[in-house]
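Chemist: Residue numbers (my numbering): 15 to 139. Idealized CB from N, CA, C, for every residue including glycine.
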Amino acid sequence: MSIGANIRQIRQDKNIKQENLANHLKIAQGTLSKIENDSLEISVNDLIKICTYIDTPISRLLPNWDQINAKTNCDILSEDFTLKRIKDLEEWVNDLKIRNLELQEKVRRRDEKIERLKIELANHI
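#1: In whole angstroms, what is the alpha-carbon distance linking N59 and R122?
#2: Quick check: what's the CA-CA separation for L110 versus L117?
#3: For D52, tell me which candidate among L75, A19, L35 has the shortest Cα-Cα distance.
#4: Output the distance between the C-alpha atoms of E55 and N108, rounded to the nearest integer angstrom.
#5: Decide if E134 is buried, meaning its Cβ has at least 16 other Cβ atoms within 10 Å, or exposed.
#6: Going by DSSP in three states, T96 sits in which element: helix, strand or coil?
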């Protein structure tokens, strides 16, 4: 099922009126209806608000969540998402390594400058 269909199904299962959920999101009931019918995309912020209001993990609203959950026997998003997240984290680690090297070089130059100033100071005493 789609995100919209999952929202509608869970909302109905929990006996939450569309009007109440729309009011919580501060959107028109018609807008929520379009989201539930997949005529309008939902923002991440509104998706998080919905999950909080209906007390449901975000992964439960994702398309094919039941198949993903059954396949992995745990509540994760998807293999593609996980691989992308791993790649993003690896890039982040590489960026941090580069930044670390830059900072080490900066510290080395600072230490050299301190040593030169110590020598100059000793020569002036």
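Modeler: Let's see:
#1: As a working mapping, residue 59 is identified with position 45 in the sequence shown. As a working mapping, residue 122 is identified with position 108 in the sequence shown. In a straight line, the C-alpha of N59 is about 45 Å away from that of R122.
#2: Numbered from its first residue, the sequence shown carries residue 110 at position 96. Numbered from its first residue, the sequence shown carries residue 117 at position 103. Cα to Cα, the separation comes out at about 10 Å.
#3: Position 38 of the sequence shown, counted from the first residue, corresponds to residue 52. Nearest neighbour of D52 by Cα position, chosen from L75, A19, L35, turns out to be A19.
#4: In the sequence shown, residue 55 corresponds to position 41, counting from 1. In the sequence shown, residue 108 corresponds to position 94, counting from 1. Those two C-alpha atoms are separated by around 34 Å.
#5: In the sequence shown, residue 134 corresponds to position 120, counting from 1. With fewer than 16 Cβ atoms within 10 Å of its Cβ, E134 is classed as exposed.
#6: Working through the sequence shown from its first residue, we reach residue 96 at position 82. Correct three-state label for T96: helix.
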